[in-house]
Amino acid sequence: MKDYSDLSAFTDKKLRTLRNNINNRLVSFKSNSEKSLKALPPSHMLHGLDEAQCKALLERVFKELKTRG
């Protein structure tokens, strides 16, 4: 799992990409059961995050994007 403790260090483009990836992952969580959910490769930016962690990170990303205008 990557370090997301300081989202202010991310560029706007990286934050938007992260937001899109999280949204796509949350859709996967909703549409698939735990057994059929695709495991992410270790190189993926969301590797190791469960649904609750993705939701929490998405909230932080939204807040960071709002502060930037």
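Our numbering puts the first residue of the sequence shown at 16, with every later residue one more than the last. From the three backbone atoms N, C-alpha and C, an ideal C-beta is built for every residue, glycine too. As the structure is a prediction and not an experimental result, all values here were calculated from the model.
Using 8 Å as the threshold, is the C-beta distance between S43 and K50 below it? no
Cβ neighbour criterion (16 or more within 10 Å) applied to R40: buried
With distances taken Cα to Cα, identify the nearest neighbour of F86 among K17, I37, D18. As displayed, the chain neither begins before 16 nor continues past 84, which places residue 86 out of reach and without an answer.
DSSP on K50, reduced to helix/strand/coil? coil
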